[in-house]
Amino acid sequence: MRKLICCALLLLCFVAEGQSKIGETIEVSIVNVDVVVTDKAGKRVTGLTADDFEIREGGKVQPISNFAEYRSDLSGGVTAIETVPGAATPAVTTVARPKRNVIVFVESVRLLPHQAREMYGSIRTLLRETIAKGDRATVITWTNAVLVRQPFTDDLASLERVVNELEIEAVNGPRDVSRDIRRDQGRSDAAEDEMAASLAAGGVASASGGMPPVHALEAAKRQLAQIKQKTHVLEALMHSISGLDGRKVIVMAMRRFGVFAGAEYFNGEMPVERRREFETAPLHDRLVKTANAHGITLYPVFPVGLRWDPEDSSYGPDLGSLNSDNDLLQGALQGKIMFNETNALADLAEKTGGLMAWGSKNIADMLPRVVDDLEAYYSLAYRARTSGKDVSRDIAVRAKNSDYRVRSRKQFVEKSDATLMNDRVIANLYQTLDGTSFAFDVVGGEMKSTGRNRWALPLKVRIPIAALTTLPSGAVEVGEFSVYVVTGAVVGVSSEVQHKTQSFRIPRNDLAKAKASYYTYEVTLNIDQKTDRLSVGVIDETSKEFALKRLTLPPRPEK
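If you want it as structure tokens, here you go:
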């Protein structure tokens, strides 16, 4: 039930003229959907069976082929209550607790002390009650660029230390992480100054200056660019855990990820004539599709909630009082901003089976439910025909009892072989994946400078011919393999995947000799200062067996 199971059914088909075709293959996958059920009061509902649910794909009811309820027990294991079709009673077994993969993504934002204490205290509790030995959790922050504050680990002490730092920064202001960001991005102080000058020339004040932007349109464009960057980073983070087994969640504390980028610069409402330009729905759809493709549940939160920074208003010593018309205007503006932000985040949660919260108290109430989602849930499965292409299909699970509420992902995303290999090589940058079927060699050549902080790295990938499957075709044996290469640095930073497919033909009388040799794939990689690793994948296009290898890059040569 916990893995996607693929099987091929070989069918004998007859044509109208009485001829027959043998070998037509229809791919059938078992599609798993994890669901959480609550009553109208939000209380978890347990003890249901397959007969209590209905699952639809594209609006059409699908027979439930497998069903189980999972509950964590006191021994640290998981009780699986599985309904086997045709069985008189459910089968109750104890199974290993699924691994947990948790990403905490925090966009830097100022909070009042009690707000920071509530939100970050809840994150600490979430990690403490979720992460055990063998699990993986990482903490990532965003301050105009991605910064890995804690790489993947199961060390709770390290995770809590970083969360403590974030709580302090939320109250006192972020520490100067610009040097860390420049280090991870390979950017110099001169490049930073150049960027600040460029923004100032465009009428947008530096983020560190704390001044409002001069031109609303330019500021909105800048925010849209940042949302695009955050989307790219979040997709990269999803890819980094795509090949891993177990439950996968991302807690996203977002300051700006709204329906319309930069709406706050237009008094909280984007002008009609500008809505198409600044609409972020395509970016949100990308995140939903990527999350559903990798089995990831999103739990987005809007930490600011319904408030505005006291330093930007005419608040007096009593923070509970309003003492000017500006306060009322700011309150109305903040209400519009929150509506813009929370609507977008709620959509991400609803379509991936997660939950959304805003404001520190609401977040503190919501995060324990993430733990509940990981501890107890139902898993339904149905058989679906697949095409071998990159397509997504709408799915919906409902409880037949109308008093129950069901949360689950809303898409089944089918992946082509090429997309699966893309996912594998990116995930292999950061995690060790199972499934390697054969060995191959990767040899790096001499690294040469091609410009400021840029180098060319020649690479040779040697694939043993004996590891590849061949098929007879006349007097020769034919085969095909593909090589995938990607470079990266910290989690969330990777290059585009380079991919090449190579066909080959071997005379049958030379086959034994050829199988003692290699095919060599050569490529030159363009890398920068931050690149510190590369991942290579090889797939036999005939057997679909694959192999992965990760290499750590040597220090850059001195000029």
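Residue numbers (this note's numbering): 5 to 563. All C-beta atoms, glycine included, are put in the ideal place defined by N, C-alpha and C.
{"Check": "Beta carbon of Lys553 nearer than 8 Å to that of Phe444", "Outcome": "yes"}
{"Check": "Contact check, Val305 vs Ala361, beta carbons under 8 Å", "Outcome": "yes"}
{"Check": "Same chain, Cβ closer than 7 Å to Ser441, neighbours up to 5 away in sequence not counted", "Outcome": "Glu549, Phe550, Ala551"}
{"Check": "Beta-bridge pairing of Thr98 - partner residues as DSSP gives them", "Outcome": "Thr83"}
{"Check": "Local conformation of Phe261 per DSSP, three classes", "Outcome": "coil"}
{"Check": "Beta-carbon proximity list for Asp184, same chain, < 8 Å, skipping 5 on both sides", "Outcome": "With a pLDDT of 43 at Asp184, under the threshold of 50, the modelled position of that residue is not reliable, and no figure is offered here."}
{"Check": "Residues of its chain near Pro275, where Cβ-Cβ distance is below 6 Å and the 5 sequence neighbours each way are ignored", "Outcome": "none"}
{"Check": "Sub-8 Å separation of Val417 and Val410 beta-carbons", "Outcome": "no"}
{"Check": "Residue(s) in a DSSP beta bridge with Phe306", "Outcome": "Trp362"}
{"Check": "Per DSSP, cross-strand counterpart(s) of Gly2", "Outcome": "Here the chain comprises residues numbered 5 to 563, so residue 2 is not present and cannot be evaluated."}
{"Check": "Cβ neighbour criterion (16 or more within 10 Å) applied to Asn176", "Outcome": "exposed"}
{"Check": "8 Å Cβ cutoff met for Arg537 and Gly492", "Outcome": "yes"}
{"Check": "In DSSP terms, what Ile2 is bridged to", "Outcome": "Coverage of the chain is limited to positions 5 through 563, which leaves residue 2 absent and any answer about it impossible."}
{"Check": "Lys393 versus Gln415, Ser383, Ser420, Asp376, residue with shortest Cα-Cα distance", "Outcome": "Ser420"}
{"Check": "Local Cβ density within 10 Å of Thr142, reported as buried at 16 or more and exposed below that", "Outcome": "buried"}
{"Check": "Own chain partners of Met256 with C-beta closer than 6 Å, once the 5 adjacent residues on each side are dropped", "Outcome": "Phe109, Pro304"}
{"Check": "CA nearest to the CA of Leu461, picked from Ser507, Gly448, Leu472, Pro286", "Outcome": "Gly448"}
{"Check": "Reference Val106; option with closest CA among Ala161, Ala45, Glu122, Gly250", "Outcome": "Gly250"}
{"Check": "Exposed unless 16 or more other CB atoms sit within 10 angstroms - verdict on Thr556", "Outcome": "exposed"}
{"Check": "Straight-line gap, Glu222 to Lys44 (C-alpha atoms, nearest Å)", "Outcome": "45 Å"}
{"Check": "Coil, strand or helix - Ala493 by DSSP", "Outcome": "coil"}
{"Check": "Counted within 10 angstroms of its Cβ, other Cβ atoms place Leu14 as buried (16 or more) or exposed", "Outcome": "Reliability of the predicted coordinates at Leu14 is poor, the pLDDT of 25 falling under 50, and the value obtained from them is presented with this limitation in mind. Exposed, since its Cβ has fewer than 16 Cβ neighbours within 10 Å."}
{"Check": "Cβ separation of Ser498 and Ala240, assumed to be a contact under 8 Å, to the nearest whole Å", "Outcome": "6 Å"}
{"Check": "Beta-carbon proximity list for Thr356, same chain, < 8 Å, skipping 5 on both sides", "Outcome": "Val292, Ala295, Asn296, Ile300, Thr301, Leu302, Arg413, Lys414"}
{"Check": "Glu222 - partner residues in DSSP beta bridges", "Outcome": "Glu222 is not bridged to any residue."}
{"Check": "Helix, strand or coil at Arg554 [DSSP, three-state]", "Outcome": "strand"}
{"Check": "Spatial distance of Ile430 from Thr535 (CA atoms)", "Outcome": "14 Å"}
{"Check": "Contact check, Pro307 vs Val113, beta carbons under 8 Å", "Outcome": "yes"}
{"Check": "Euclidean distance between Cα positions of Ala120 and Lys103", "Outcome": "29 Å"}
{"Check": "Residues that Ala422 bridges to, as DSSP identifies them", "Outcome": "Per DSSP, none; premise fails for Ala422."}
{"Check": "Cα-Cα separation, Pro625 to Phe57", "Outcome": "Since the first residue shown for the chain is 5 and the last is 563, residue 625 is missing from the structure and cannot be characterised."}
{"Check": "Beta-carbon gap between Thr87 and Val96 smaller than 8 Å", "Outcome": "no"}
{"Check": "8 Å Cβ cutoff met for Tyr525 and Val487", "Outcome": "yes"}
{"Check": "Cβ separation of Ile341 and Arg60, assumed to be a contact under 8 Å, to the nearest whole Å", "Outcome": "Not a contact, Cβ separation roughly 36 Å."}
{"Check": "Proximity below 8 Å, CB of Arg466 to CB of Gly247", "Outcome": "no"}
{"Check": "Beta strand (DSSP E) runs wholly inside the region 346-408, at least 3 long, in chain order", "Outcome": "380-390, 395-403"}
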